[in-house]
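Let me begin by presenting the structure, written as C-alpha cells, before commenting on it.
In the numbering used here, the protein residues as written are 8 to 431.
Dropping the structure here:
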C-alpha cells in the first residue's frame, strides 16, 4: 500500500507539469479557429487560402518530426520541453510584424514556427505521459491531459475574441462595396493590429513556462526501461527499424486522419457558422462547443477505460458516431448543422488517447522513434482542413464535410483490426 501511495505521489507532480503544457499548447492550437475567419477578412482571402492557417501550423509537425527525436535524444525530455516553448515564443513574436504590415505570409511563418515548437513539445509530452505508468491506464492519463488541452481550447477563441472587434469585422465585411479602396485598406490595417496585444501576452506566458519547466523536478523516463517494466513484450529485439512495425505505421495513418477531422471540427466551425448566416461575434463561441463535447468524452474515458470498456472498443464507438454526426452535418442546416459539427468533438475525444498506447505497444527501444512518427501524423491537421477549404470553394462549406467520412472509416478499421497487424 505504501509503495502504491509513493508511486502515485511520484507521478502526480510530473502530471501537473505536463498538464500545464497540454493547457498551453491547447490554447495556442485552438486560437486558429478564430484566426481563420478573422484573417480571411483582414487579408482578403478565399476559403481555400484561409485554411493555410491550419496548413502552416500543422505541416510543421511533419517537417519537425525527425528533428524532434534528435532534440530529445540530445537534450532529454525536460530540456526538450523548455526548448520547444522558446521556439513557440519566437513564433508568437512573428505575429507582431505580421499584424503591423498585414502580411499573410508572415502570419503563416509565425504559425509554422509555433507548430514546430509544438511538434517537439508533443514528441516529448505524449510518450512521457504514456510511459509514466502502466500501459493499461495510459488512455486514462492521456484523457486527463486532454481535458487540460480542450479546456484551454474552449477558452482560447473567447479570450482572443475579447481583443478583436468582431462586430466591426462583420460590418466591414458586409459594407466593403460601399467603401473607397483607401478607406477599406485603412480599416483592414486597423483590424489586423488587434492581434498584437494578445500575442504579446502569449510570448510572455511561453517564456515564463519555459523557465518554470527548466527548473522543475521532472524525472527522465526511458522507453526501453518502461517496456521491460510493464512487460509489453520482446518484439522490439527482433526489429531494426520502426517501419518493421505495421501497427505503428497504420497508427500513423489513423492519427493523420484523426487529427485532420479533429482540427476540421474545431477550426472550421466558426467559419462554417458564419457561412450559415450566423454573426462572427456569435460564432466565436462555437469552438467552445466542440471543446466541451471533447471534454465530456474525455471524462467518459477516465471513468470507463479500462474498467468497463477497452481502448479499442471506445475507439470503434467514436469512429461510428463520427460517421453518424458527419451525416447529420450534411443533411441538416443552420444551428442544427453547426451543433453536429460540435458533436464531432465527442466522437474525436477518445481516439487520440486510444491510438497512442495501441501504436506504442511492443516497440521497446523504438519508443522515441515511434512517437516521432506518430507526431508527424499530426500533419493531417494541415492536409484535411486545407482539402476541405478547396472543396468548399467548389461545392460549398456544407457539402465539403463529406471529406470526413473516409477518415472515420479508416479509424474504424484501425480500431477493429489495424492495431493488431504484425503483432505476435
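Built from N, CA and C at the ideal position, the CB exists for glycine as well.
| query | result |
| --- | --- |
| Buried or exposed: where does residue 88 fall if 16 or more other Cβ atoms within 10 Å of its Cβ makes it buried? | buried |
| Over the uninterrupted alpha helix (DSSP H) stretch that includes residue 254, give me the two end residues. | 253-274 |
| Just mark residue 233 as buried or exposed, buried being the case when its beta carbon has 16 or more other beta carbons within 10 Å. | Note that residue 233 scores a pLDDT of 43, beneath 50, so its modelled location is shaky and nothing firm can be said. |
| With a cut-off of 8 Å, do at least 3 Cβ pairs link the stretch 75-82 to the stretch 196-212? | no |
| Would the beta-carbon of residue 150 fall within 7 Å of that of residue 315? | no |
| Just the C-alpha distance for residue 64 and residue 323, rounded to the nearest angstrom, thanks. | 29 Å |
| Flag this pair as yes or no: are the beta carbons of residue 249 and residue 381 separated by less than 7 Å? | no |
| Could you check what DSSP says for residue 141 in three-state terms: helix, strand or coil? | coil |
| Between the alpha carbons of residue 399 and residue 222, how many angstroms are there, rounded? | 47 Å |
| Using beta-carbon positions only, say whether residue 265 and residue 99 come within less than 7 Å of one another. | no |
| Taking only the alpha-carbon atoms, compute the straight-line gap between residue 384 and residue 364 and give it to the nearest angstrom. | 15 Å |
| How big is the Cα-Cα spacing for residue 113 and residue 392? | 20 Å |
| Where does the unbroken alpha helix (DSSP H) through residue 364 begin, and where does it stop? | 358-367 |
| Output yes or no for whether 7 Å exceeds the beta carbon distance between residue 86 and residue 274. | no |
| Would you tell me roughly how many angstroms separate the C-alpha atoms of residue 357 and residue 59, rounded to the nearest one? | 27 Å |
| Under 7 Å between the Cβ atoms of residue 255 and residue 377? | yes |
| Applying the criterion that 16 or more other CB atoms from any shown protein chain within 10 Å of the CB defines a buried residue, is residue 241 buried or exposed? | Reliability of the predicted coordinates at residue 241 is poor, the pLDDT of 49 falling under 50, and the value obtained from them is presented with this limitation in mind. So residue 241 ends up on the exposed side. |
| Closest to residue 51 by C-alpha separation, out of 67, 20 and 194, would be which residue? | 194 |
| My understanding is that residue 403 touches residue 360, with C-beta atoms under 8 Å, so please give their C-beta distance in whole angstroms. | Incorrect: roughly 34 Å between the Cβ atoms, too far for contact. |
| Helix, strand or coil for residue 133 per DSSP? | helix |
| I'd like the span of the alpha helix (DSSP H) that includes residue 333, first residue to last. | 318-337 |
| Quick one: grab the DSSP three-state call for residue 313. | coil |
| Any C-beta of chain B sitting closer than 7 Å to the C-beta of residue 326? | Of the protein chains in the structure, only one exists, and it is not chain B. |
| Give every residue of the same chain whose Cβ lies closer than 6 Å to the Cβ of residue 209, excluding the five residues on either side of it in the sequence, and list them in chain order. | 99 |
| Quick one: what does DSSP say residue 38 is sitting in, helix, strand or coil? | coil |
| Taking the alpha carbon of residue 456 as the reference point, which residue from 318, 293 and 27 has its own alpha carbon closest? | No information on residue 456 is available, as it lies outside the stretch 8 to 431 that the chain covers here. |
| May I have the straight-line CA-CA distance separating residue 69 from residue 386, to the nearest angstrom? | 5 Å |
| Considering Cα atoms alone, identify which of 92, 204 and 251 is closest to residue 103. | 204 |
| Decide if residue 341 is buried, meaning its Cβ has at least 16 other Cβ atoms within 10 Å, or exposed. | exposed |
| Determine contact between the stretch 153-170 and the stretch 18-36, defined as no fewer than three beta-carbon pairs at a distance below 8 Å. | yes |
| For residue 300, does the count of other Cβ atoms within 10 angstroms reach 16, so buried, or fall short, so exposed? | buried |
| Given residue 268, which residues of its chain have a CB within under 6 Å of its CB, disregarding the five upstream and five downstream residues? | 411 and 414 |
| For my contact list, residue 246 and residue 373 are in at a C-beta cut-off of 8 Å; report their separation, rounded to the angstrom. | 7 Å |
| Restricting to Cα atoms, I'd like to know which of 172, 164, 419 and 145 is closest to residue 327. | 419 |
| Taking residue 72 as the reference, which of 124, 22 and 21 has the closest Cα? | 124 |
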